[in-house]
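Notes to accompany the following structure.
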Amino acid sequence: TPYYTAALLLILLGAFTKSAQFPFHFWLPGAMAAPTPASAYLHSATMVKAGIYLLARLHPALHESALWFWALLLAGSITMILGAISTFRHSDLKAILANATLSQLGMLVMLLAFHSEYAYLAVIVGVLAHALYKGPLFMLAGIVDHAMETRDIHRLANLRTIMPAATVAATLASLSMAGFPPLFGFLAKETLLETFHHFAEYDNAMIGYIGMGVGALGGALFVGYSLTFLWEPFFRREATVNPAHLHHAPSFWFVLPALLLVVIGTIIPLVLPWVEKGLLIAPAGSIAGEPLDAHLALWHGFTPVFLTSLGAIALGLLIFWQRTQLRMLFAFAPTWLNGQQMYEWCYRQSYALARLVTKFVQGGRLEGQISITLLCTVMAVGYALVVQRGFSELQIDWSNTPEVQEIVIALLAIVAAIVTVRAERRLSAIISIGVVGVVVTLAFAFFGAPDLALTQLLIEVLTVVLLILVFHRIPPRDHPKAPRLLRIRNLVMAVA
């Protein structure tokens, strides 16, 4: 339809904002200020997935255009890489996880750019895997904060000795987020890479292999920040600055909810043949708009996808090893990459534009504001008469008495308006204004509104009488004559 592009852009604007895609990605890390249970719900499940869900539900109707493909592919890939890089610029556990959420949301948006069963399965697997490892990790960040009264990884070390249950949960969840086999996160990474590989084989080789490389780079960064989140608080021997001390040792029951989610995410890949149809393939079919005949497995042999996944893990281990140097490097990233900086710049420019428009439309003079209002009214009526109906239909039938009467009424109003503008004395201007009002009353009566005409006539008579009485009591003043250009404008507006 002719409205497809406009509708798609508005839908993408809403979905990208809701799911924090570039350049609207600034709000999600800021939301980590919420209490930890709220953050676990916000960052891992329903809240940020609403935009993903909207794109998935509308995928069958909107996916066939190049605009859909490139908008989702570019926004998702940029968000994935920026989010992953941003994790190395923070030392707060929740900030690391919040930026990791950005990265994984970008991955899901990338997948929705494609129209294949591999992409649909990858989206469903990615959504479920993300919920089952990110929710526990946020809860564990809150547990650490409650126990140590800090979330700064520079102040945390050797937590495995005082929080064994939390360490087990953090290990399984972090390794799943990193994509190590045979955990659920590994399956999510495999389906992502398989989507790009299939696109390279059967559609566009260049786009497919570039996407595969971007996915592998994102996977390597996943490994780097996941191992950083796990190693520095839980397994490192000594803190780097101002070591934190235990204040409230968490009980096993405090850690149990996070542990249960991690166990579920660990078991699902091991029982995949029994749960894939109802848990993964059926929801993927709802994105496709038809049932899918697909199959998921942890092991497909030494395929290009598996080797790429191993390469991403190896590169991720290197990133983890050089994390200190990378933190120093990423600290000098351009500030415009921060979505908040871009948002604030756009806000300032919008405010400046609003001030300019307000200064023009509402310049502090009543006559100027009325002129703008009347000008818009005249332009709207003129557009309806001239543009939509055309000049050919604007003809006068002089043999038609009603049309002649309309012309006479209009001419009387124009003459009275001209007299009002050119009047030198206040009494003359008031009387001519009254004539304009009486002519308007005649127009109402002519078009079959006698009640409205009577009301208008009473108002005009009272207005003229009141103005004459008031100005009769006000001594005359010598006002400077209005500039010629202003008087011409007033005359044109009055006639119009």
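Sequential numbering of the sequence shown, starting at 7, is according to our numbering.
Think of the CB as a built atom: it goes at the ideal place given N, C-alpha and C, for glycine as much as any other residue.
Nearest-angstrom Cα distance between residue i and residue j?
i	j	result
F453	A416	13 angstroms
L19	I378	32 angstroms
F260	V247	28 angstroms
P239	A294	42 angstroms
H306	P279	14 angstroms
S292	R63	8 angstroms
I424	A500	7 angstroms
A226	S257	34 angstroms
F120	T167	46 angstroms
L286	V129	10 angstroms
K283	T197	16 angstroms
I494	Y357	33 angstroms
L524	S434	Coverage of the chain is limited to positions 7 through 502, which leaves residue 524 absent and any answer about it impossible.
L359	F366	11 angstroms
Y353	A264	40 angstroms
F336	L34	19 angstroms
F30	K100	19 angstroms
H251	H96	21 angstroms
W351	R361	15 angstroms
P187	R329	23 angstroms
Q331	L324	11 angstroms
F326	H253	30 angstroms
According to DSSP, simplified to helix, strand and coil, what is residue i?
i	result
D209	coil
D151	helix
D457	helix
Residue i and residue j: beta carbons closer than 9 angstroms?
i	j	result
F235	I102	yes
L497	V427	yes
M145	T42	yes
P275	F190	yes
G219	M113	no
L138	I319	no
G322	F228	yes
V446	A429	no
L475	G443	no
I506	D98	Past the boundaries of the shown model lies residue 506; the chain is included only from 7 to 502, so the question cannot be answered.
F32	Q347	yes
M86	S71	no
G317	A222	yes
A172	L181	no
S83	G214	no
I439	V470	yes
Excluding the five sequence neighbours on either side, which residues of its own chain have a C-beta within less than 6 angstroms of the C-beta of residue i, listed in chain order?
i	result
T93	I102, N105, A106 and Y231
K24	A56 and G57
A125	L117 and T201
L298	E123, I287, A290 and G291
M53	none
L143	L103 and A179
Between residue i and residue j, how many whole angstroms is the CB-CB distance? I'm expecting something under 8 angstroms.
i	j	result
V131	L178	Not really, about 17 angstroms apart at Cβ, beyond 8 angstroms.
L14	L68	6 angstroms
L60	A21	5 angstroms
P66	H203	No, P66 and H203 are not in contact; Cβ-Cβ is about 24 angstroms, not under 8 angstroms.
F477	I436	7 angstroms
V115	A81	6 angstroms
So, at 8 angstroms on beta carbons, what are the nonlocal neighbours of residue i in its own chain, with the 5 sequence-adjacent residues on each side left out?
i	result
Q411	F452
Between which residues of its own chain and residue i is the CB-CB distance below 7 angstroms, once the five residues before and five after are set aside?
i	result
T249	For the record, residue 249 in the displayed sequence is Pro; it is not Thr. Correct list, in chain order: R161 and A163.
K195	G185, G225 and S315
A255	A153 and I168
For the ligand ADP, any of its heavy atoms closer than 8 angstroms to the Cβ of residue i?
i	result
V445	Questions concerning the ligand ADP fall outside what the structure shown contains, since it holds no ligand whatsoever.
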